[in-house]
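Colleague:
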Amino acid sequence: MKFDNNIEEFDAYGDDHIGSATDTPMVTDAFKLSDEEKIKSINGNVRQIMETLGLDLTDDSLKGTPNRVAKMFVKEIFSGLSPSNKPKASTFDNKYKYGEMLVEKNITLYSTCEHHFLPIVGRAHVAYISKGNVVGLSKMNRIVDYYAKRPQVQERLTMQIVKELQAVLGTEDVACIIDAKHLCVNARGIRDIESSTVTAEFGGKFKEKDTRREFIEYIKLETQF
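Set out below in structure tokens:
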């Protein structure tokens, strides 16, 4: 089937929030262009979109927008597409033999909906039970941030975070819950500003009812200073 003949069908897929794979869909030659070449290309495309909308790019407020958007796409909000930006998550021996779960909650999350390129804003809660290795706390935040900085579906993002921490820590006992607002729902379409989306991925011991409940109870604790 040709895409041109099924535009309405593909539009409906976007509204239905369907993800196609656990891995972010990428073409085989995704990294043949340098960052500078990508910025130059995107700059021209954004300029064309703005001109098509009837905007005057000679105006002082608008003339720098194409380049700003291009740099933002490549260097910031979609920087997680590049493997070179993947955080190095060094692990350490659990010499103090801590055997309970470790929870890093309320990790601020900014991502982008891949269906409409609008923001996803929320919190991620991540936990693991050590099988001999531990990871620096900030690295958990960095892993969340890395996978968030790409066009995303929240279900895929949740799974990617768990999969990466499982690989880093050498254990299946990893869990992640994300609660986030999608501006593609809040600001367009149904325009429901109150709704949020919750996703979860549980590995290893977290599939057990009691362990999962313990994780959720930790998330509910209020942090005060």
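Residue numbers (my numbering): 1 to 225. Where a beta carbon is used, it is the ideal one built from N, C-alpha and C, also for glycine. On a predicted model such as this, the values are computed, not experimentally measured, just so you know.
Using the C-alpha atoms, what's the distance from valine 174 back to glutamate 208?
Modeller: Walking along the sequence shown from the start, residue 208 turns up at place 208. Walking along the sequence shown from the start, residue 174 turns up at place 174. Each residue's Cα considered, the two are about 12 Å apart.
Colleague: Check whether the stretch 90 to 99 touches the stretch 36 to 55, taking contact to mean three or more Cβ pairs, one atom from each stretch, closer than 8 Å.
Modeller: The stretch 90 to 99 vs the stretch 36 to 55: no contact.
Colleague: Which of helix, strand or coil does DSSP assign to proline 151?
Modeller: Taking the sequence shown and counting its residues from 1, the one referred to as residue 151 is at position 151. Three-state result, proline 151: strand.
Colleague: Under 8 Å Cβ to Cβ from aspartate 210, same chain only, skipping five residues before and after it: list those, please.
Modeller: In the sequence shown, residue 210 corresponds to position 210, counting from 1. So the list is empty, once near-sequence residues are dropped.
Colleague: Once you ignore the five residues that flank histidine 116 on each side, which residues in its own chain have a CB closer than 6 Å to its CB?
Modeller: The sequence position of residue 116 within the sequence shown is 116, counting from 1. Closer than 6 Å at the Cβ level, and outside the excluded window around histidine 116, lie Cys184.
Colleague: Grab me the residues of proline 87's own chain with a C-beta within less than 7 Å of its C-beta, minus the 5 sequence neighbours each way, in chain order.
Modeller: As a first step, residue 87 must be located in the sequence shown, where it is residue number 87. Only Lys139, Arg142, Ile143, Tyr146 meet the Cβ criterion.
Colleague: State yes or no: is the C-beta of alanine 200 within less than 8 Å of the C-beta of threonine 171?
Modeller: Residue numbering aside, residue 200 sits at position 200 when the sequence shown is read from its first letter. Residue numbering aside, residue 171 sits at position 171 when the sequence shown is read from its first letter. Not a contact, by the Cβ cut-off of 8 Å.
Colleague: Would you give the residue range spanned by the alpha helix (DSSP H) that proline 66 belongs to?
Modeller: Walking along the sequence shown from the start, residue 66 turns up at place 66. Per DSSP, proline 66 belongs to the alpha helix (DSSP H) from 65 to 72.
Colleague: Go ahead and pull the three-state DSSP assignment for lysine 32.
Modeller: Locating residue 32 in the sequence shown gives position 32, where the first residue counts as 1. Correct three-state label for lysine 32: coil.
Colleague: Could you tell me which residues DSSP puts in a beta bridge with lysine 181?
Modeller: If you number the sequence shown from 1, residue 181 lands on position 181. DSSP output for lysine 181 lists Val121 as bridge partner(s).
Colleague: On a Cα-Cα basis, can you pick out the residue from Ile120, Glu51, Gly64 that is closest to lysine 181?
Modeller: Residue 181 sits at position 181 when you count from the first residue of the sequence shown. Of Ile120, Glu51, Gly64, the residue nearest in Cα terms is Ile120.
Colleague: Would you give the residue range spanned by the beta strand (DSSP E) that aspartate 93 belongs to?
Modeller: Mapped onto the sequence shown, residue 93 falls at position 93. Aspartate 93 -> beta strand (DSSP E) spans 91 to 93.
Colleague: Can you have a look at glutamine 160 and say buried or exposed, based on whether 16 or more other CB atoms are within 10 angstroms of its CB?
Modeller: Indexing the sequence shown from 1 puts residue 160 at position 160. It counts as buried.
Colleague: Enumerate in chain order the residues of its own chain whose CB-to-CB distance from methionine 1 is below 6 Å, with the five nearest sequence positions on each side excluded.
Modeller: By 1-based counting over the sequence shown, the position of residue 1 is 1. Reliability fails at methionine 1, whose pLDDT of 41 lies under 50, so the model's placement of it is uncertain and the value that follows must be treated cautiously. Around methionine 1: no qualifying Cβ.
Colleague: Tell me which residues share the same chain as proline 151 and place their Cβ nearer than 6 Å to its Cβ, disregarding the 5 neighbours each side in the sequence.
Modeller: For the purposes of this step, residue 151 is taken as residue 151 along the sequence shown, with counting starting at 1. So the qualifying residues of the chain are Thr112, Glu114.
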